[in-house]
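There are 2 protein chains.
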Amino acid sequence: MLELDARKQEILRAVIHTYVTEAEPVGSERIVQFLRARVSPATIRNEMAALEELGVLMHPHTSAGRVPTDQGYRLYVDLLLREEQPSHRERTRLRRLLGEHEEVDRLAGAVAHALASVTDYASVVSAPLPERQLFKHLHFIPLGSTQVMAVIVTDGGGIHGRAFDARERLEPEALDRLSRVVSQALQGYALDEITEDLLARMVDEAAWQQRILLAILEWLRERLRAAAARRVYIEGAANILKQPEFRDARAAGLVLAALEDEHVVAELLAAAPERDVWVTIGSEHRREELRGTSVVAAPYTMHGHVAGALGIVGPTRMRYGRAIALVRYLALSLGEILGETS
Amino acid sequence: MLELDARKQEILRAVIHTYVTEAEPVGSERIVQFLRARVSPATIRNEMAALEELGVLMHPHTSAGRVPTDQGYRLYVDLLLREEQPSHRERTRLRRLLGEHEEVDRLAGAVAHALASVTDYASVVSAPLPERQLFKHLHFIPLGSTQVMAVIVTDGGGIHGRAFDARERLEPEALDRLSRVVSQALQGYALDEITEDLLARMVDEAAWQQRILLAILEWLRERLRAAAARRVYIEGAANILKQPEFRDARAAGLVLAALEDEHVVAELLAAAPERDVWVTIGSEHRREELRGTSVVAAPYTMHGHVAGALGIVGPTRMRYGRAIALVRYLALSLGEILGETS
DNA sequence: GTTAGCACTCCGCTGACCCGAGTGCTAAGA
DNA sequence: TCTTAGCACTCGGGTCAGCGGAGTGCTAAC
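Chains as they are written, first to last, in this note's numbering: chain A, 1 to 342; chain B, 1001 to 1342.
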């Protein structure tokens, strides 16, 4: 890691702050102003030249001011940044936006919406991983003479349903009985703990309905497989078109197209769930298309287990301090809400 | 309505076709080429001047070719257009994209995705109106000692769930009994037919659980109120950034911001459900922000009732023939799928 | 009614020019 | 050794004139 003396740190911070708000290369004069420093612009210039040498600042062209490099942002984020906690008003506003929710999925959408509405960036949220949800209840609902819908309710208010064809006549009473047996047997298991063994034991007990249970087993397996392509919500994509770095619609289109791809977003949100908040800056992205953007993301938990993640996508010229605080705050809030409805 | 002789119609059609594919004002020479006409450019020029007089063509500036006006597109759509049916390959592709679906909501998302992926435009789809779905089953699932989750299953695979606090101890057996009573009583009603009267009668019969039923009644009322803000899906927003008319990201941002607003989209899709396909062109939009776009939309049905709508949003310079055929095809397909799972 | 001919208009591109911002360097001062 | 004033230098961006070309509208002849 680079070593910077106190003054260089101050200057780097000043360049970043100014550049983030003004979106234009910042010159030495501007820095003197910003820092109310007793030194002359020339001194600052010398320091900036040194910072450029170190690779944290750069020069669009000879007679322009300085601009932070991705490395500069990295240094800033890791060492220099002060978080900007959301104001009390903002917090109540956010809480209200998350206020009413019915199902878990909608809640994730609400978080995405809230996050986008208080920033000028796009937001992404992944819905809680189904396999971490606890099984509460299974109920069979007759649809036709041989068709049946299986509904699984999990804690946190998650509901999963799927229609099956049992290929044989089903009596409502038998289905009710089966519902009760299965519900009791699986109560309290996390969805990913429901293994073939467990189901096999049930199948023995309720041999008279093997076929439907096997179908459900298949369904559960499928759900786990589908977890990679889990549901993600993106909001405020139009926000990033406001940013001057995306004034060119062609470039912006590539970014938006990437964000519309669920796989890309899932990858973004799966990055480093062991940290509370993580930041990926410009060229650090694996995806070419995202190299002009930064992502600030955080995992959220449900009963102490990581269940999903949420994040902000914006230009590298981002208000990191604010983004980080916001993401952290919403991840915590979401965790609390998901926890209490269990 | 304007009367155009055959040749003028041909020329208008030629201008639109050429402009739609090339995105540049088209001159008289180009038209002669396109029509393989025996007449000279000068003749075409005279005709084009007449068409301009009639208000269906216009002139960006003196020495440019002609461009259709919104009125010109309107005439074209109403009278001159030939639908371009999707190819067999496209149809199978679309069918496959709608292939696997679990819940109704996901299906709407899949349609939006499919529609966006075969065009260069954005697509919008509204999820089936909950109040038109038929009640199938209600089940109460105990969450805690006094908490209970009510799950309503409708035909077409719709699932709605909501947690309630009954404020009194609830026995699982009592809940089961209540589930059965209510399910039987409401079986087959459309959600919007479940009135207070109907519930009131049930409340009498099952007086011992009034409180929870009243809460459910409240919930249903709420759902109907929320129908205005029904769920809409938008996909392929990045597509419209590819269009040359939105090369300026600022202008494009306004359109995207509008499309991110569920109310705006709901309004678009609620326009004229009595027609099978409807087209709104540029300045015909009520919303200022959408005056640069055209929307091609169609309602889809469920058991013969209109349940929702889907549409394409693109620049006024749109391949209307193709858009209309695609929208119609998908609306029909969706109706079929929703019908058969009942 | 059609068409050849032609003058006219106006966009968009190019290159010249200048202005201003901000730099890097040098040399003097603390 | 660090700081600073002074200054030449560089380069982007804006303005402006000039032009080439596309496409028109008009006129007059067929």
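All residues carry an ideal CB built from backbone N, CA and C; glycine is no exception.
- Item | Beta carbon proximity, A:Leu332 to chain B, threshold 8 Å | no
- Item | Ordered list of alpha helix (DSSP H) runs contained in the segment 1066-1143 of chain B, each at least 4 residues | 1070-1075, 1088-1098, 1104-1117
- Task: Express the C-alpha separation of B:Glu1003 and B:Ser1028 in angstroms, rounding to a whole number.
- Result: 22 Å
- Would you please verify whether the beta carbon of B:Leu1098 is less than 8 Å from any beta carbon of chain A? no
- Query: Could you check where the alpha helix (DSSP H) with A:Gly253 kicks off and where it finishes?
  - Reply: 249-260
- Message: Can you pull the chain B neighbours of A:Asp248, defined as C-beta to C-beta under 7 Å?
- Response: Ala1249
- Query: Looking at the C-beta of B:His1137, does it have a partner C-beta in chain A at a distance below 8 Å?
  - Reply: yes
- Using a cut-off of 7 Å between C-beta atoms, extract the partners of A:Gly253 located in chain B. Ala1238, Leu1241, Lys1242
- Which first and last residues belong to the alpha helix (DSSP H) in which B:Met1048 is found? 1041-1053
- Going along chain A in order, which residues have a C-beta closer than 9 Å to the C-beta of B:Met1149? Lys136, His137, Val153, Gly157, Ile159
- Task: Verify the CB distance criterion: does A:Glu260 have a CB-CB separation below 8 Å to chain B?
- Result: yes
- Supposed close pair A:Ile141, B:His1137 - CB separation, criterion 8 Å: 4 Å
- Query: So the alpha helix (DSSP H) B:Ser1179 belongs to, where does it begin and stop?
  - Reply: 1172-1186
- Where the segment 271-291 of chain A meets chain B: residues whose CB sits under 8 Å from a CB there: none
- Message: 8 Å is my cut-off, CB to CB: does A:Ala257 come that close to chain B?
- Response: yes
- Name the chain B residues whose beta carbon is nearer than 8 Å to that of A:Ile141? Lys1136, His1137, His1139, Val1153
- Quick one: is B:Glu1235 near chain A, going by C-beta distance under 8 Å? yes
- Task: Evaluate A:Arg322 with the Cβ neighbour count: other Cβ atoms within 10 Å of its Cβ, from every protein chain shown; 16 or more gives buried, anything less gives exposed.
- Result: buried
- Item | In DSSP terms, what B:Ile1234 is bridged to | B:Val1124
- Evaluate A:Asn239 with the Cβ neighbour count: other Cβ atoms within 10 Å of its Cβ, from every protein chain shown; 16 or more gives buried, anything less gives exposed. buried
- Task: Indicate the three-state DSSP secondary structure (helix, strand or coil) for B:Ala1271 in the structure shown.
- Result: coil
- Message: At the 8 Å Cβ level, is B:Ala1228 part of the contact set with chain A, yes or no?
- Response: Because the pLDDT at B:Ala1228 is just 43, under 50, the model does not fix this residue reliably, and the point stays unresolved.
- Roughly how many whole angstroms lie between the Cα atoms of B:Gly1335 and B:Gly1065? 43 Å
- Item | contact_flag[the segment 1282-1292 of chain B, the segment 1301-1312 of chain B] where n(CB pairs < 8 Å) is 3 or more | no
- Query: When the Cα atoms are used, what is the spatial distance from A:Arg13 to A:Arg30?
  - Reply: 13 Å
- Item | Where B:Tyr1189 sits in the DSSP three-state scheme | coil
- Query: With DSSP run on the structure shown, which of helix, strand or coil describes B:Gln1009?
  - Reply: helix
- Query: Who pairs with B:Ser1294 in a beta bridge, going by DSSP?
  - Reply: B:Ile1281, B:Gly1314
- If we count Cβ pairs, one from each stretch, closer than 8 Å, do we get three or more for the segment 1232-1251 of chain B versus the segment 1110-1128 of chain B? yes
- Item | Sheet register partners of B:Met1202 (DSSP bridge) | Looking at the DSSP assignment, B:Met1202 forms no beta bridge with any residue, so it has no partner.
- What distance in whole Å lies between the Cβ atoms of A:Asp120 and A:Gln243, which are believed to be in contact at a cut-off of 8 Å? 7 Å
- Is A:Val26 helix, strand or coil when you go by DSSP? strand
- State buried or exposed for B:Ala1023, treating a residue as buried only when at least 16 other CB atoms are found within 10 Å of its CB. exposed
- Selection from B:Ala1325, B:Val1265, B:Val1148, B:Leu1330 that minimises the alpha carbon distance to B:Asp1165: B:Val1148
- Query: From B:Ser1087 to A:Arg177, what distance separates their C-alpha atoms?
  - Reply: 50 Å
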